[in-house]
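All you need for this note's numbering is the position in the sequence shown, starting with 1, plus 1031. C-beta atoms are modelled at their ideal positions from N, C-alpha and C, and glycine is treated no differently. Accompanying notes for the structure given below.
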Amino acid sequence: MTIKELEPKAIWNYFYDITQIPRPSKKEEAILRYLLDFGKKHNLDTKQDRAGNVLITKPATPGKENLPTVILQSHVDMVCEKNSDITHDFENDPIETIIDGDWVKANGTTLGADDGIGVAAQLALLA
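Here it is in C-alpha coordinates:
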(Lines of atoms letter the chains of each structure in order from A and count residues from 1; the text may use other names and numbers.)
(Lines give C-alpha, C1' and ligand atoms only; values in the text may rest on other atoms or scores of the structure.)
Protein backbone atom coordinates (compact mmCIF):
# COMPACT_ATOMS: atom_id res chain seq x y z
CA MET A 1 0.00 0.00 0.00
CA THR A 2 1.12 3.58 -0.69
CA ILE A 3 -0.04 6.84 0.85
CA LYS A 4 -1.94 7.61 -2.35
CA GLU A 5 -4.28 4.72 -1.49
CA LEU A 6 -5.14 6.01 1.99
CA GLU A 7 -8.43 7.73 2.85
CA PRO A 8 -9.36 10.49 2.53
CA LYS A 9 -7.71 10.22 -0.88
CA ALA A 10 -7.69 13.95 -1.63
CA ILE A 11 -5.62 14.77 1.45
CA TRP A 12 -3.18 11.89 0.98
CA ASN A 13 -2.74 12.59 -2.74
CA TYR A 14 -1.88 16.22 -2.01
CA PHE A 15 0.44 15.11 0.78
CA TYR A 16 2.18 12.71 -1.61
CA ASP A 17 2.68 15.57 -4.08
CA ILE A 18 4.13 17.71 -1.29
CA THR A 19 6.58 14.95 -0.25
CA GLN A 20 7.91 14.94 -3.80
CA ILE A 21 8.89 18.62 -3.60
CA PRO A 22 12.13 19.37 -1.73
CA ARG A 23 11.39 22.16 0.76
CA PRO A 24 14.06 22.77 3.36
CA SER A 25 13.86 26.03 5.30
CA LYS A 26 14.89 29.07 3.26
CA LYS A 27 14.52 27.06 0.03
CA GLU A 28 10.75 26.92 -0.41
CA GLU A 29 10.57 28.24 -4.00
CA ALA A 30 9.34 24.94 -5.52
CA ILE A 31 6.55 24.37 -2.98
CA LEU A 32 5.45 28.00 -3.27
CA ARG A 33 5.28 27.60 -7.05
CA TYR A 34 3.19 24.44 -6.53
CA LEU A 35 0.73 26.42 -4.37
CA LEU A 36 0.53 29.28 -6.87
CA ASP A 37 -0.13 26.79 -9.69
CA PHE A 38 -2.78 25.06 -7.56
CA GLY A 39 -4.62 28.32 -7.00
CA LYS A 40 -4.57 29.22 -10.68
CA LYS A 41 -5.65 25.70 -11.72
CA HIS A 42 -8.68 25.96 -9.41
CA ASN A 43 -9.52 29.55 -10.46
CA LEU A 44 -8.93 30.85 -6.94
CA ASP A 45 -7.65 34.33 -6.12
CA THR A 46 -3.97 33.62 -5.48
CA LYS A 47 -1.31 36.11 -4.39
CA GLN A 48 2.29 36.06 -3.22
CA ASP A 49 3.80 38.89 -1.18
CA ARG A 50 7.41 40.11 -1.16
CA ALA A 51 8.28 37.82 1.75
CA GLY A 52 7.10 34.80 -0.26
CA ASN A 53 3.86 34.17 1.64
CA VAL A 54 1.12 32.72 -0.55
CA LEU A 55 -2.52 33.63 0.02
CA ILE A 56 -5.23 31.59 -1.69
CA THR A 57 -8.77 32.88 -1.26
CA LYS A 58 -11.94 30.92 -1.97
CA PRO A 59 -15.31 32.66 -2.14
CA ALA A 60 -17.98 31.74 0.38
CA THR A 61 -20.51 29.09 -0.48
CA PRO A 62 -23.61 30.80 -1.92
CA GLY A 63 -25.91 31.76 0.92
CA LYS A 64 -23.05 31.74 3.46
CA GLU A 65 -21.44 35.06 2.50
CA ASN A 66 -22.46 36.76 5.77
CA LEU A 67 -20.93 34.14 8.05
CA PRO A 68 -17.51 34.74 9.65
CA THR A 69 -14.48 34.18 7.45
CA VAL A 70 -12.37 31.10 8.10
CA ILE A 71 -8.59 31.34 7.78
CA LEU A 72 -6.39 28.26 7.45
CA GLN A 73 -2.62 28.76 7.83
CA SER A 74 0.41 26.49 7.59
CA HIS A 75 4.11 26.74 6.99
CA VAL A 76 5.53 24.94 3.97
CA ASP A 77 9.13 24.19 4.90
CA MET A 78 10.19 21.04 6.71
CA VAL A 79 12.72 19.92 9.28
CA CYS A 80 15.42 18.05 7.36
CA GLU A 81 16.94 15.23 9.38
CA LYS A 82 18.08 11.77 8.34
CA ASN A 83 19.49 8.63 9.88
CA SER A 84 23.28 8.41 9.72
CA ASP A 85 23.15 5.43 7.34
CA ILE A 86 20.91 7.22 4.79
CA THR A 87 22.10 9.17 1.77
CA HIS A 88 19.54 11.89 1.09
CA ASP A 89 19.87 15.36 -0.43
CA PHE A 90 17.02 17.41 1.06
CA GLU A 91 17.53 20.14 -1.54
CA ASN A 92 16.94 17.79 -4.48
CA ASP A 93 15.50 14.42 -3.40
CA PRO A 94 11.84 13.64 -2.73
CA ILE A 95 10.84 12.02 0.55
CA GLU A 96 10.31 8.27 0.27
CA THR A 97 7.11 7.48 2.18
CA ILE A 98 6.26 4.08 3.60
CA ILE A 99 3.27 2.57 5.37
CA ASP A 100 4.24 0.75 8.57
CA GLY A 101 1.09 -0.79 10.03
CA ASP A 102 -1.13 2.16 10.95
CA TRP A 103 1.69 4.69 10.56
CA VAL A 104 2.84 6.78 7.62
CA LYS A 105 6.60 7.21 7.84
CA ALA A 106 9.58 8.22 5.76
CA ASN A 107 12.35 5.81 4.88
CA GLY A 108 15.19 7.03 7.10
CA THR A 109 14.38 10.74 6.95
CA THR A 110 11.94 13.12 8.51
CA LEU A 111 8.53 12.88 6.84
CA GLY A 112 7.73 16.56 6.54
CA ALA A 113 4.23 16.09 7.94
CA ASP A 114 4.80 19.22 10.07
CA ASP A 115 3.23 20.94 8.39
CA GLY A 116 2.92 19.21 5.02
CA ILE A 117 -0.20 17.35 6.11
CA GLY A 118 -1.77 20.67 7.14
CA VAL A 119 -1.05 22.12 3.70
CA ALA A 120 -2.48 18.96 2.09
CA ALA A 121 -5.69 19.20 4.13
CA GLN A 122 -6.09 22.86 3.19
CA LEU A 123 -5.61 22.10 -0.51
CA ALA A 124 -8.22 19.33 -0.28
CA LEU A 125 -10.68 21.82 1.23
CA LEU A 126 -9.93 24.44 -1.42
CA ALA A 127 -10.13 22.07 -4.42
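How many whole angstroms separate the CB atoms of residue i and residue j, which I take to be in contact at a CB cut-off of 8 Å?
i: residue 1076; j: residue 1088; result: 4 Å
i: residue 1062; j: residue 1130; result: Going by Cβ atoms, the distance from residue 1062 to residue 1130 rounds to 23 Å, so no, they are not a contact pair.
i: residue 1047; j: residue 1128; result: 7 Å
i: residue 1004; j: residue 1041; result: Not covered by the structure: residue 1004. The range shown for the chain is 1032 to 1158.
i: residue 1045; j: residue 1154; result: 4 Å
What are the residues that DSSP puts in a beta bridge with residue i?
i: residue 1137; result: 1128
i: residue 1095; result: Answer is none; residue 1095 lacks a bridge partner.
i: residue 1113; result: 1140
Can you name the start and end residues of the beta strand (DSSP E) that residue i belongs to?
i: residue 1087; result: 1085-1088
Along the chain, where does the alpha helix (DSSP H) containing residue i start, and where does it finish?
i: residue 1145; result: 1144-1157
Would you check if the stretch 1037-1055 and the stretch 1113-1123 touch, i.e. whether three or more CB-CB distances between them fall below 8 Å? Flag = yes, the stretch 1113-1123 and the stretch 1037-1055 touch.
Are the stretch 1095-1110 and the stretch 1144-1154 touching, with three or more C-beta to C-beta distances below 8 Å? yes
Let me know the alpha helix (DSSP H) ranges lying completely inside the stretch 1043-1083, each 4 residues or longer, listed in chain order. Listed in chain order, they are 1060-1072.
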